[in-house]
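*Asks:*
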Amino acid sequence: MRSRPCGSGSWTTSTMPAPRLVWIPSADNAAINRARASCSLDWVIMGLNREKPEREAMSIAIGYMPGAFGEGGSDHDYLRKLVEVGDKHDYDSLWLSDRIVGEKFSLEPMMACSMVLAYSDRLKVGTSVLAMPLRNPVVLAKQIATLDYLSQGRFFPAVGLGQEEPEEYEACGVSKERRGPRTDEGIALMRRLWQEEDVTHEGEFFSCHNVTVTPKPYLQPSTPVWIGGRSPAAARRVGRVGDGWLVSSATPEEVKEGCGILFETANEFNREIEDDHVGVLMGYYISDDVDDATEKAGRFVTRHRPDAHFTEFTAVGPVEKVAEYVQSYIDAGGSKFVMRPMCPADESMEQLQILGEELLPQFH
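Residue numbers (the working numbering): 1251 to 1614.
Listed below in structure tokens is the structure:
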């Protein structure tokens, strides 16, 4: 099985559990035997007086989201304009949120992503993040595979557990209880549907009998599934069942800690997660006046953490300061970024242009 590349510096797929390299620094037969016993799929490399090979430098990719949540509803052409900005300034990808119910304006992300893919033949598109417990995994597997197939590998679904508020679960007839196991089972079933024929599944939450879903994804053996969330539990879920982590409202220190949990968990489950499959969703507002930027961005922060001020995970100030924020997350292990201008729709285009002209070239 193989995975088609998506280009240097891009969001790329991670294959299903693959052989790992286990480095034994000396001719230690006992160590070699232990490695072989614990990892039957691994290749054991033995070296004499040699250092462990250094990992290649991670490629940095910067994508973006629309302005503050709920903005853009007064302009039916807003999505197309966002795509034009992304193509003009060589952004890597465009990401859309998921809210099924609520008073604030919100497009259904799967349908909106299909429009983005039609508007642009270059931009990658992702969901940030799709509420997995509210979706039927058979239907969602079909939708994801279709977008992946038609876009030739430019669609990247990131999924999560959904909102903390109960309204969406109640409206969709889904219990919020055990949403974590429901998500895990749904992801596992989707992977089977993408890779197998005549799938039969009897689980706690879902069941199907002799089901085949076509088309199969363009990216083989499976469309990469990134998982959102800030908590240690989210990082562990990535290690168990995901291909990458998309974290938001997290400080660099929390990202670093989460990366450790993620890769440790992946190792426990004999899975391979690429080093550069850690993404950071970051709100930002560029202004030479830091106080003004902080005040303006603060109006659009939808979730204030009781344990951290929003400026600890939101980049506000001049371009140089925003670049320092980005670099701090790179140092913590992040390499894929989703930048969200914290401002009204009519101002977000200008913010995305400034970011594209003055910040993106620093990380290309």
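C-beta atoms are modelled at their ideal positions from N, C-alpha and C, and glycine is treated no differently.
These numbers were taken from a predicted model, which means no experiment stands behind them.
Thinking C-beta only, is V1528 closer than 8 Å to G1494?
*Replies:* For G1494 and V1528, yes; Cβs fall inside 8 Å.
*Asks:* Count the other CB atoms within 10 Å of the CB of D1596; is the residue buried (16 or more) or exposed (fewer)?
*Replies:* Flag for D1596 reads exposed.
*Asks:* Between E1608, E1503, L1609, which has its C-alpha nearest E1562's C-alpha?
*Replies:* When only C-alpha atoms are compared, the closest one is E1503.
*Asks:* So what does H1326 bridge to, in DSSP terms?
*Replies:* Partner(s): none; H1326 has no beta bridge.
*Asks:* Just to confirm the assignment: which complete beta strand (DSSP E) runs, minimum length 3, are found wholly within the segment 1530–1581?
*Replies:* Those beta strand (DSSP E) runs which fall completely within the segment 1530–1581 and span 3+ residues are 1564–1567.
*Asks:* Is A1500 buried or exposed, if buried means 16 or more other CB atoms sit within 10 Å of its CB?
*Replies:* Buried: at least 16 other Cβ atoms inside 10 Å.
*Asks:* To test your reading of the DSSP string, which unbroken beta strand (DSSP E) runs of 3 or more residues are found completely within the segment 1426–1469?
*Replies:* As far as the segment 1426–1469 is concerned, its whole beta strand (DSSP E) runs of at least 3 residues are 1449–1452, 1457–1461.
*Asks:* Compute the beta-carbon to beta-carbon distance between M1440 and L1397, rounded to the nearest angstrom, for a pair I have assumed lies under 8 Å.
*Replies:* So it is not a contact: roughly 13 Å between Cβ atoms.
*Asks:* Helix, strand or coil for K1586? Go by DSSP, reduced to three states.
*Replies:* Strand, per DSSP.
*Asks:* Is it buried or exposed for A1222, if we count other Cβ within 10 angstroms and need 16 for buried?
*Replies:* This structure cannot settle anything about residue 1222, because the visible part of the chain is limited to 1251 through 1614.
*Asks:* When the Cα atoms are used, what is the spatial distance from Q1603 to E1454?
*Replies:* The alpha-carbon atoms of Q1603 and E1454 are separated by roughly 48 Å.
*Asks:* To the nearest angstrom, report how far apart L1215 and A1408 are at their CA atoms.
*Replies:* Since the first residue shown for the chain is 1251 and the last is 1614, residue 1215 is missing from the structure and cannot be characterised.
*Asks:* So, using beta-carbon positions, are A1395 and V1463 closer together than 8 Å?
*Replies:* Cβ distance < 8 Å, so A1395 and V1463 count as in contact.
*Asks:* Considering only the alpha carbon of each residue, which of L1373, R1590, K1586 lies closest to I1312?
*Replies:* Checked all of L1373, R1590, K1586; the closest Cα to I1312 is K1586.
*Asks:* Is the segment 1332–1345 touching the segment 1370–1388, taking contact as three or more C-beta pairs under 8 Å?
*Replies:* As far as the Cβ criterion goes, the segment 1332–1345 touches the segment 1370–1388, which means the pair count is three or higher.
*Asks:* In or out: E1574 buried (at least 16 other Cβ within 10 Å) or exposed?
*Replies:* With fewer than 16 other Cβ atoms within 10 Å, it is exposed.
*Asks:* Using the DSSP secondary-structure output, state which residues sit across from I1477 in a beta bridge.
*Replies:* Per DSSP, V1409, W1495.
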